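Asker: Before I ask anything, here is the structure I am working with.
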Amino acid sequence: MTRLLIHAMRERLSRTRILSPHLSLIVGILLLLPISLWAQSTGEIRGRVRSESNNTYIRNAIVTVVDTNKQVLTTAGGNYVISGVQPGTVTVRAAYSGLETTEQTVEVVAGETARLNFDLTSSFTAPAEEGEVIDLADFEVTGEIRSGSARAVMEQKVALNPMKVVAADSLGNISEGNAGEFLKLMPGVSLDYVEADARAVRISGLAPQYGNVLLEGLFVPSAGSSNIATGRTFEFEQLSMDSVEIVKLTKTPTPDQPSALSGTVNLVTESAFDRDGMHVEYSAGLATNSYYASLQQTEGWDSDQHYKLLPNYSFEYSNVFHDGKLGVIVGTSSHYTIAAQKHIWMWAQDYNEDMSDNATEIPSYNWLWFQDGMKPTQRSNYYGRVDYRFSDRLTGFFRADRSNYEALFYNRTMSLRPDEDPDTGELLYDKSVEYSMTSQTVASGSISVDSNQFMEKLGDTTIFTAGLEYQHDDLTISGRINWGKARNWYENLENGHFSDYASRIDGVSWRWDRGYEGDTALDFTQLSGPDWNDLSNYSFVSDSIQWHERNSEDIQSTARLDFVHDWQDWDVSQELKYGVFYNTRDLEVHRYGALTASLTGPDGVQGTADDPNPSDFVDENYTMDFDFGTSLDGFHALSPWEIFEYYRANPNAFVVNTEANDTQRRQNNWYFEEDVYAGYVSDVFHFGKWEIAPGLRYEYSTPEGRGYDRVNNRPITAEGESVEAWLKYLQINYEVRPDLMLRASYHDSVTRGNIANLIPGISEVDDTARRITASNPNLNEERAKTFYFTLEKYFEPIGLFSASAFHRVWEDRLITGSEVTLGDNGYLGDPTYAGWTLVTNTNARDSVSLNGVEFDFNKQFSDLPQPINGLGTFANLTLLNYEDWRFFLGSPEVTANAGFNVEIGKFSVRLNANYIGKILNTPAAAYDEETGEWSDAAPYVKYYQKERLFFDLNLEYVFSSRLRLFVDARNLTNEPSVYTYRHDADNFERILKTGTIWKVGVKGVF
């Protein structure tokens, strides 16, 4: 892997036009900074800190030489080293949240190393009375929850900057192993869902592309659903939570972190040295959905019947060998679940251009669409890690991780569409009878029985990571390197079916009625035309037999080298940090849209007597049930498998749209390469209770993209504008008292240009107006300045309350549809378009601001009466105030989470609640960058997403530490998602129900 990365760096450096002289200077200075000399007149103390309650070595325990300013934090494996200790008998103190503070003495000799280990006991454990028997199984389970909370609290308490840290085992089981489902409970976070899948994360009101997702502080590849528009957004579908120990959410980064406008999510895995001896964890269970729970085989997602109780398991083994020098972790898991995809759309309403009457206007619906489908999803993960201690001063690790993802989405649909008047273009509604929000009559229209992308989505992500850390006296040098590849692809023909079909009846009329505005139980009455309940009356639509070809691959490599000098003996103690960083990325996407054919029969002409009839392909295995109370329930869909079998036997009965399909394959290919070079320096000064940390980071990147000129039918390549950014940081902390901290910070941030725009491509040319529509490879980076203030109050034995406020100024934000006059060089050096108008995406001239406040609370109680003495709670609330919400589409103003866990004897309960406030999706306005004014625009009504409240439940019963019974539920109440509505929530456009995902099984620890 190291050779691969070195080769990649050499290749990139050879292609880079100019390596910035500023970066070269920084690299030279950083690597030549002096290593401090060791004074032989002092000694050092080394040791480890362990928690007796769960037999784990703990990170971030505070180890202090009493009556001195020497204080360090334990690292992976609970290790610590204190250098520069004066000879003699000294007292050393170890402290950790939720554990009893312990002091021990040790004799220090000049020029030698003294060994001192700590075993800390739980603050929650009362001494046993004479004759009392303590159930260790109960204690171990309770300790697991509390240790997770303690890890998170200690990470936050000792951090230089404000951050939110959550231990992976502190918020309950994640039903699908999807990291996104875990992140949703963190303050200031909202998720972008695609159906039931948590796809991407928004941090503090900014879209997903403005945040970073890291694994062990290094970038992770993401193939982005084979869609170039995904750009820099990281998608969580292919990343497993199973080997993650803690999650760090940083909104005020330090200079050593890659820059991002909104924040960074860093996933940290466990070290093999964190436990002493052999440790085995396992789980096994079955998952199902509230819609499909049955012990029998029932109609399935495909053409067969299936059991809906799906197997799930996880297994992890760790051990330490060779006197603690070698540690090994290996693990595997499989999460197999099923979600419903039941939709109702009342789509594409026609509104007039007068927005003042939206509250009373009765819109005409031009598409009513119902969908029913099952979506089984399987995530599997295989991982291994080796830690090795070469000496007291040098340790290293190597980690390999492989995640696989497979989702099958087979959606059956029905749709009703009114015809248009050929003269006026108005929809043919009969307004001579009742025309209201509860009853409308269509004079002429069509009804279709069709499908919505029968496809299998597959992907895999492979990541290799290695690291070394060297510690000598007050200097620590650490290096990390990774290589990762993520792939995504879709299948349909490979699995014996087409992805789409459409069959239709024309010339029908109907009326729909419902009980009240917002009621989903639409009652349809056919008034005229062929019987729409008889599939023999339907005909296949031209070019409606479709399949998709999509695939993508993202390869990334990251390397970093960090130096830390911890000078505690100076009059003003300080910690100097500096380092270099490199990332390279190769992304390619092939997305050919819908490739089409027509089902014509042997004569090759559609609409003649030999055309196959849709009733010949009825899927008797599947009956549509939309679960919205509509009278359309009970229809049988057609079978894409039988249509494909007919194609295999009768290929001449299909006319393939060869020319259009070839055009799709030729035009829809994108390639993107980018190198990022960075260096940083920061210094942390300690003045009594004050901690002041100025810092500087330099980033330099060079993008290159290859797209397609659709007008001249040719590939086109362009090197984008290199990005050079000097980013300033300042962190100030004041410890009012040991349990009360004030923090203030400032930082610059940058997000590089949208990838889809950095790849060149011309999509439209208007010769008459001398206008072209194209991407913009010269798009600049987007920047922000952020001020952040936090008050943190810590509770004993485990707890935290924080209140934060921030102000962010967003500059050079991306705007769409701007017009630019091209110079003499035309578009990307092509003088053909010199002097033409270019319609493209550019950077805004004016900045916009965002303000927010956050409150976060969590506490594990130890002084409550039985049986709730084991109660733990958490809650957080985020309120965002946008300067103009229309610049922050898709982001809520309010997010909140809350939950509790309690153990009563051998039984435990955890209930988590996740609330996402109302979201503005479409502003019904256009912004003029020249004037800074908004004006009304189509669709002349604002579209929102309704607020949502989801509940997740975890139940456990402990037989022993080796055997526990668990029951988990995700989306406990089957809360529907109202994705879009207009003006008020009853005037909905789209509602989705996914069902409750249940999982039951056993787990344990050896």
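Mind the numbering: the sequence shown is residues 869 to 1874 in this note's numbering, read in order.
By construction, the Cβ of each residue, glycine as well, lies at the ideal position given by its N, Cα and C atoms.
Computed from a prediction, not measured in an experiment: that's the story for all the values here.
(1) What three-state label does DSSP hand Leu1444 in the structure shown?
(2) In this structure, how does DSSP classify Tyr1877 when only helix, strand and coil are distinguished?
(3) Which residues does DSSP list as the beta-bridge partners of Glu1650?
(4) From Asn1180, Tyr1566 and Ala1370, pick the residue whose C-alpha is nearest to that of Phe1408; which is it?
(5) Name, in chain order, the residues that DSSP records as bridge partners for Ala1152.
(6) Does DSSP put Gly1092 in a helix, a strand or coil?
(7) For the pair the segment 1663 to 1674 and the segment 1724 to 1737, tell me if three or more CB-CB distances fall below 8 Å.
(8) Can you tell me whether Ser1224 is helix, strand or coil according to DSSP?
(9) Tell me whether Thr1864 sits in a helix, a strand or coil according to DSSP, three-state version.
(10) Apart from the five residues just before and just after Phe1449, which ones in its own chain have a Cβ nearer than 6 Å to its Cβ?
(11) Can you check which of these residues, Asp1752, Thr1689 and Asp1692, is closest to Val1716 by C-alpha distance?
(12) Looking only at its chain, what residues have a beta carbon closer than 7 Å to the beta carbon of Glu1103, apart from the 5 residues adjacent to it on each side?
(13) Asp1836: buried (16+ other C-beta within 10 angstroms of its C-beta) or exposed?
(14) Provide the residue(s) that pair with Phe1189 in DSSP beta bridges, ordered along the chain.
(15) By how many angstroms is the C-alpha of Gly966 removed from the C-alpha of Thr855?
(16) Which residue comes first and which comes last in the beta strand (DSSP E) that contains Glu1687?
(17) When the cut-off is 7 Å and only beta carbons count, does Gly1252 lie next to chain D?
(18) Closest by CA to Leu1610, which one among Gln1024, Asp1680, Asp1698 and Tyr1250?
(19) With DSSP run on the structure shown, which of helix, strand or coil describes Val1809?
(20) Rounded to the nearest angstrom, what separates Gly1563 and Thr1636 at their Cα positions?
(21) Can you tell me whether Gly1079 is buried or exposed? The criterion is at least 16 other CB atoms within 10 Å of its CB, across all chains shown.
(22) Cutting at 8 Å between CB atoms, please list the residues of its own chain near Lys1557, excluding the five before and the five after it.
(23) Which class does Leu901 belong to by DSSP, given the choice of helix, strand or coil?
(24) Out of Ile1736, Val1310, Glu1824 and Asp1634, which one is the CA nearest neighbour of Glu1288?
(25) Smallest Cα separation from Ser1271: which of Gly1168, Asp1291, Gly1045 and Ser1248?
(26) Between which two residues does the beta strand (DSSP E) containing Thr1710 stretch?
(27) In or out: Ile1413 buried (at least 16 other Cβ within 10 Å) or exposed?
(28) Which complete beta strand (DSSP E) runs does the segment 1478 to 1546 hold, if anything under 3 residues is left out?
(29) If I measure Cβ to Cβ from Val974 and keep anything under 7 Å in the same chain, skipping five residues before and after, which residues do I get?
(30) For Ile1584 and Ser1631, what's the separation of their Cα atoms in angstroms?
(31) Under 7 Å Cβ to Cβ from Ser919, same chain only, skipping five residues before and after it: list those, please.
(32) So, at 6 Å on beta carbons, what are the nonlocal neighbours of Val1873 in its own chain, with the 5 sequence-adjacent residues on each side left out?
(33) To the nearest whole angstrom, what separates the beta carbons of Lys1810 and Ala1792, a pair I think is in contact under 8 Å?
(34) Since Met1146 sits in a beta bridge, which residues does DSSP pair it with?
(35) I need the straight-line Cα distance from Ala1005 to Ile1772, nearest angstrom please.
(36) Leaving aside the five residues before and after Asn1901 along the sequence, list all residues of the same chain whose C-beta is less than 6 Å from its C-beta, in chain order.
Answerer: On the basis of the supplied data:
(1) Within the sequence shown, the letter at position 576 stands for residue 1444. Leu1444 falls in the strand class under three-state DSSP.
(2) It is not possible to answer for residue 1877, since the shown part of the chain is limited to 869 through 1874.
(3) To locate residue 1650, count along the sequence shown from 1; it is residue 782. Answer by DSSP bridge pairing, in chain order: Thr1619.
(4) What you label residue 1408 is simply residue 540 of the sequence shown in a count that begins at 1. Measuring from the Cα of Phe1408, the nearest candidate turns out to be Ala1370.
(5) As a working note, residue 1152 is residue 284 in the sequence shown. Answer is Tyr1181 and Val1870.
(6) Position 224 of the sequence shown, counting from 1, holds the residue named residue 1092. The answer is helix: DSSP assigns Gly1092 an H, G or I state.
(7) yes
(8) Translated into positions along the sequence shown, residue 1224 becomes position 356. The answer is helix: DSSP assigns Ser1224 an H, G or I state.
(9) Position 996 of the sequence shown, counting from 1, holds the residue named residue 1864. Here Thr1864 sits in coil by DSSP.
(10) Here the question's residue 1449 lines up with position 581 in the sequence shown. So the list reads Arg1428 and Ala1546, once near-sequence residues are dropped.
(11) Counting from 1 along the sequence shown, the entry for residue 1716 is found at position 848. Looking at the Cα atoms, Asp1752 is the closest of the given residues.
(12) As a first step, residue 1103 is located in the sequence shown; it is residue number 235 there, counting from the start. Excluding positions up to five away in sequence, the list reads Arg1067, Ala1068, Ser1090, Gly1092 and Ser1093.
(13) Stepping through the sequence shown from its first residue, residue 1836 is reached at position 968. So Asp1836 ends up on the buried side.
(14) If you number the sequence shown from 1, residue 1189 lands on position 321. Answer is Leu1194, bridged to Phe1189.
(15) Residue 855 is absent from the structure shown; the chain starts at 869 and stops at 1874.
(16) Taking the sequence shown and counting its residues from 1, the one referred to as residue 1687 is at position 819. Looking at the DSSP string, the run of the beta strand (DSSP E) that includes Glu1687 is Leu1682 to Thr1689.
(17) Absence of chain D from the displayed structure is noted, only one protein chain being present.
(18) Here residue 1610 refers to the residue found at position 742 of the sequence shown. A check of alpha carbon separations from Leu1610 across Gln1024, Asp1680, Asp1698 and Tyr1250 identifies Gln1024 as the nearest.
(19) By one-based count along the sequence shown, residue 1809 stands at place 941. Looking at Val1809 - three-state DSSP - the assignment turns out to be coil, as it is neither helix nor strand.
(20) In the sequence shown, residue 1563 corresponds to position 695, counting from 1. In the sequence shown, residue 1636 corresponds to position 768, counting from 1. Approximately 54 Å, taken between the alpha carbons.
(21) The residue you call residue 1079 lines up with position 211 of the sequence shown. With 16 or more Cβ atoms within 10 Å of its Cβ, Gly1079 is classed as buried.
(22) For the purposes of this step, residue 1557 is identified with residue 689 of the sequence shown, where counting begins at 1. Cβ within range, chain order: Tyr1602, Glu1603 and Val1604.
(23) Numbered from 1 along the sequence shown, position 33 holds the residue referred to as residue 901. Because Leu901 carries a pLDDT of 45, less than 50, the predicted location of this residue cannot be relied on, and the following value inherits that uncertainty. Reduced to three states, the DSSP call for Leu901 is coil.
(24) For the purposes of this step, residue 1288 is taken as the residue at position 420 of the sequence shown. The option with the nearest alpha carbon to Glu1288 is Val1310.
(25) Working through the sequence shown from its first residue, we reach residue 1271 at position 403. Comparing Cα positions, the closest option is Ser1248.
(26) By 1-based counting over the sequence shown, the position of residue 1710 is 842. Residues Thr1705 to Asn1711.
(27) For the purposes of this step, residue 1413 is identified with residue 545 of the sequence shown, where counting begins at 1. Around the beta carbon of Ile1413, 16 or more other beta carbons lie within 10 angstroms, which makes this residue buried.
(28) 1486 to 1491, 1504 to 1506 and 1522 to 1524
(29) Position 106 of the sequence shown, counted from the start, is the residue given in the question as residue 974. Answer for Val974: Ile913, Val958, Val960, Ala982 and Leu984, listed in chain order.
(30) The count along the sequence shown starts at 1 and reaches residue 1584 at position 716. The count along the sequence shown starts at 1 and reaches residue 1631 at position 763. Rounded to the nearest angstrom, the two C-alpha atoms are 12 Å apart.
(31) To locate residue 919, count along the sequence shown from 1; it is residue 51. If we look at Ser919 and ignore the five residues flanking it on each side, its Cβ neighbours are Ile926, Leu967, Leu988 and Ser1015.
(32) As a working mapping, residue 1873 is identified with position 1005 in the sequence shown. If we look at Val1873 and ignore the five residues flanking it on each side, its Cβ neighbours are Glu1149 and Ser1829.
(33) The residue you call residue 1810 lines up with position 942 of the sequence shown. The residue you call residue 1792 lines up with position 924 of the sequence shown. The C-beta distance from Lys1810 to Ala1792 rounds to 5 Å, short enough to meet the 8 Å contact threshold.
(34) By 1-based counting over the sequence shown, the position of residue 1146 is 278. Met1146 pairs with nothing; no bridge assigned.
(35) Taking the sequence shown and counting its residues from 1, the one referred to as residue 1005 is at position 137. Taking the sequence shown and counting its residues from 1, the one referred to as residue 1772 is at position 904. Bear in mind that the predicted position of Ala1005 carries a pLDDT of just 44, short of 50, making it unreliable; the figure below should be weighed with that in mind. Looking at the two C-alpha atoms, the distance is approximately 13 Å.
(36) Outside the modelled stretch of the chain, which goes from 869 to 1874, sits residue 1901, for which no answer is possible.
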